[in-house]
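Enquirer: First the structure, then my questions, so here it is.
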Amino acid sequence: MTGETGKRSYVVGQTEIAARPLDPALYLVATPIGNLADITLRALETLAAADIVACEDTRVSRVLLDRYGIRRRTTAYHEHNAGEAGPKLIAALEAGQSVALISDAGTPLVSDPGYRLVGEALDHGLRVVPIPGPSAPLAALTASGLPSDAFLFAGFLPVKSGQRLARLEALKAVPATLIFFESPRRLAESLGAMVEALGGERKAAIGRELTKTFEEMRTGTLRALADHYAAADTPKGEIVVCVGAAEAKTDEPEDIDRLLLSLAAEMPASKAAAEAAKMTGGQKQTLYRRLLELKDRP
Numbered sequence: 030m031t032g033e034t035g036k037r038s039y040v041v042g043q044t045e046i047a048a049r050p051l052d053p054a055l056y057l058v059a060t061p062i063g064n065l066a067d068i069t070l071r072a073l074e075t076l077a078a079a080d081i082v083a084c085e086d087t088r089v090s091r092v093l094l095d096r097y098g099i100r101r102r103t104t105a106y107h108e109h110n111a112g113e114a115g116p117k118l119i120a121a122l123e124a125g126q127s128v129a130l131i132s133d134a135g136t137p138l139v140s141d142p143g144y145r146l147v148g149e150a151l152d153h154g155l156r157v158v159p160i161p162g163p164s165a166p167l168a169a170l171t172a173s174g175l176p177s178d179a180f181l182f183a184g185f186l187p188v189k190s191g192q193r194l195a196r197l198e199a200l201k202a203v204p205a206t207l208i209f210f211e212s213p214r215r216l217a218e219s220l221g222a223m224v225e226a227l228g229g230e231r232k233a234a235i236g237r238e239l240t241k242t243f244e245e246m247r248t249g250t251l252r253a254l255a256d257h258y259a260a261a262d263t264p265k266g267e268i269v270v271c272v273g274a275a276e277a278k279t280d281e282p283e284d285i286d287r288l289l290l291s292l293a294a295e296m297p298a299s300k301a302a303a304e305a306a307k308m309t310g311g312q313k314q315t316l317y318r319r320l321l322e323l324k325d326r327p
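Set out below in structure tokens:
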């Protein structure tokens, strides 16, 4: 697999800009999730300068490349040809070429087979360089109004109902905002499963067609969103579902007292209070004072 030689440039507005040479490496280039203006200048330069541009769907990627005057030949790398295309890309990298990997939209490796290529590159001692940019999960999370200090991207849920419920049950206790991709056709069904497995009162948000003309963010409880999409026509476009974590349960004072005394039997009071704080979410100093009170009881 060889790249092209000759002029390498990109166009912004009416200005053609020459791309600087790239060091040999595998470049993971994030591309727009809808609005082509969201591409970064570094991403454009990388795509224009790379010896090889590997993409999930060459037809989709050509729209972006043509928009910015990037005249690079593309090669396909996707789930169905990874076994054949991957070794060729590794060979090109070992030969000192630069390879830019892009997906149809967003950051490569998020719900696509690019992680296999990265793993192979690292196994061969090759350099891997991230070129950050758009990401649908992060775009939805930031606009959802849900906590973003801890989150888990869970990709697509299984299609079969039993497997879907099992997956949701496994995620039920995760103390973080959950983020899913979902097909418009399965959205109503999946929201119903979330109500059943996670509880209908959790706060949630549905991001649809993010960054595009008909972008929509709909928020509410899981039950309210499930009811809405069960009654509505099948939505169109790309869907991201964000679900808030379960409300933390408040431990009864008696339970906390028993926990403190149990821990204090095995470790110093200060450490016992610290461990109890981690387990219950309480304040260490408050728990420490409570433990001293318990120890002073006759």
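Here the sequence shown stands for residues 30 to 327, numbered as in the working numbering.
The C-beta atom is built at its ideal place from N, Cα and C for all residues, glycine as well.
Every value quoted in this text rests on a predicted model; they were computed, and no experiment measured them.
(1) Kindly indicate which three-state DSSP category Met-246 falls into: helix, strand or coil?
(2) Any idea if Ser-299 is buried or exposed, counting beta-carbon neighbours within 10 angstroms, 16 or more meaning buried?
(3) Is the beta carbon of Ala-222 less than 9 Å from the beta carbon of Leu-194?
(4) Taking 9 Å as the threshold (C-beta atoms), are Pro-142 and Thr-60 in contact?
(5) Whose CA, out of Leu-320, Pro-53, Ile-68 and Asp-178, lies closest to the CA of Pro-282?
(6) Rank Glu-267, Arg-156 and Ala-260 by C-alpha distance to the C-alpha of Glu-244 and give the top, closest one.
(7) Is the beta carbon of Phe-209 closer than 9 Å to that of Gly-184?
(8) Decide yes or no for the touch test of the stretch 253 to 269 against the stretch 290 to 307: beta carbon pairs closer than 8 Å, at least 3 of them.
(9) Can you give the Cα-Cα distance for Arg-88 and Lys-307, rounded to whole angstroms?
(10) Which residues bound the beta strand (DSSP E) around Glu-211?
(11) In the DSSP output, what is Lys-232 paired with across the bridge?
(12) Using the three-state DSSP reduction, which class does Ser-140 fall into: helix, strand or coil?
(13) Tell me which same chain residues have a C-beta within less than 7 Å of the C-beta of Ser-140, skipping the five on either side of it?
(14) With DSSP as the reference, identify every bridge partner of Tyr-56, one or two as the case may be.
(15) How about the stretch 245 to 256 and the stretch 212 to 227: do they share at least three Cβ pairs that are nearer than 8 Å?
(16) If we count the other Cβ atoms within 10 Å of its Cβ and call it buried at 16 or more, is Ser-219 buried or exposed?
(17) Assuming Leu-76 and Val-82 are in contact, meaning their beta carbons sit under 8 Å apart, how far apart are those beta carbons, in whole angstroms?
(18) Within its chain, find whatever has a CB closer than 7 Å to the CB of Leu-51; leave out the 5 residues flanking it on each side and keep chain order.
(19) Go to Ala-372, then tell me how far its beta strand (DSSP E) extends in each direction, as first and last residue.
(20) Check the C-beta distance from Lys-201 over to Leu-227 and give it rounded, since I have them as a contact under 8 Å.
(21) Hey, out of Asn-64, Arg-91, Arg-96 and Arg-37, whose CA is closest to Thr-103's CA?
(22) Alpha carbon to alpha carbon, what distance is there between Val-157 and Ala-114?
(23) Could you give the residue range of the beta strand (DSSP E) that holds Tyr-39?
(24) Report yes if the CB atom of Pro-166 is closer than 9 Å to the CB atom of Ala-205, and no otherwise.
(25) Taking the beta strand (DSSP E) that Glu-267 falls in, what are its first and last residues?
(26) Please confirm if Gly-42 has its CB atom under 9 Å from at least one CB of chain C.
Expert: So, from the data block:
(1) In the sequence shown, residue 246 corresponds to position 217, counting from 1. Correct three-state label for Met-246: strand.
(2) Taking the sequence shown and counting its residues from 1, one reaches residue 299 at position 270. Ser-299 comes out exposed.
(3) Here the question's residue 222 lines up with position 193 in the sequence shown. Here the question's residue 194 lines up with position 165 in the sequence shown. Taking 9 Å as the Cβ cut-off, Ala-222 and Leu-194 qualify as a contacting pair.
(4) One-based indexing of the sequence shown puts residue 60 at position 31. One-based indexing of the sequence shown puts residue 142 at position 113. Cβ atoms of Thr-60 and Pro-142: not closer than 9 Å.
(5) Within the sequence shown, the letter at position 253 stands for residue 282. Residue Leu-320 is the option with its Cα nearest to Pro-282.
(6) To locate residue 244, count along the sequence shown from 1; it is residue 215. When only C-alpha atoms are compared, the closest one is Glu-267.
(7) In the sequence shown, residue 184 corresponds to position 155, counting from 1. In the sequence shown, residue 209 corresponds to position 180, counting from 1. Contact flag set, yes.
(8) no
(9) Here residue 88 refers to the residue found at position 59 of the sequence shown. Here residue 307 refers to the residue found at position 278 of the sequence shown. If you take the alpha carbons of Arg-88 and Lys-307, they lie about 51 Å apart.
(10) Along the sequence shown, read from residue 1 onward, the residue named residue 211 stands at position 182. Element bounds for Glu-211: 206 to 211.
(11) Your numbering for residue 232 matches position 203 in the sequence shown. Its beta-bridge partners are Thr-250.
(12) As a first step, residue 140 must be located in the sequence shown, where it is residue number 111. In the structure shown, Ser-140 sits in coil (DSSP, three-state: anything other than H, G, I, E or B).
(13) The sequence position of residue 140 within the sequence shown is 111, counting from 1. Excluding sequence neighbours, Ser-140 sits near Gly-184, Phe-185 and Phe-210.
(14) For the purposes of this step, residue 56 is taken as the residue at position 27 of the sequence shown. Partner(s): Ala-129 and Val-158.
(15) yes
(16) Working through the sequence shown from its first residue, we reach residue 219 at position 190. Buried, by the Cβ-count rule.
(17) Working through the sequence shown from its first residue, we reach residue 76 at position 47. Working through the sequence shown from its first residue, we reach residue 82 at position 53. Confirmed, about 6 Å.
(18) The sequence position of residue 51 within the sequence shown is 22, counting from 1. Result list for Leu-51: Thr-75, Ala-78, Ala-79 and Ser-127, in chain order.
(19) Since the first and last residues shown for the chain are 30 and 327, residue 372 lies out of range.
(20) Against the sequence shown, residue 201 aligns to sequence position 172. Against the sequence shown, residue 227 aligns to sequence position 198. That belief holds up - the Cβ atoms of Lys-201 and Leu-227 are roughly 6 Å apart, short of 8 Å.
(21) Position 74 of the sequence shown, counted from the start, is the residue given in the question as residue 103. Residue Arg-91 is the option with its Cα nearest to Thr-103.
(22) Mapped onto the sequence shown, residue 114 falls at position 85. Mapped onto the sequence shown, residue 157 falls at position 128. Cα to Cα, Ala-114 sits roughly 17 Å from Val-157.
(23) Looking up residue 39 in the sequence shown gives position 10. Counting along the chain, the beta strand (DSSP E) containing Tyr-39 begins and ends at 38 to 41.
(24) Reading the sequence shown from its first residue, position 137 is the one you call residue 166. Reading the sequence shown from its first residue, position 176 is the one you call residue 205. No, Cβ-Cβ distance for Pro-166 and Ala-205 is not below 9 Å.
(25) Translated into the one-based positions of the sequence shown, residue 267 becomes position 238. That residue, Glu-267, is in no beta strand (DSSP E); it is neither H nor E in DSSP.
(26) Of the chains in the structure shown, none is chain C; there is only one protein chain.
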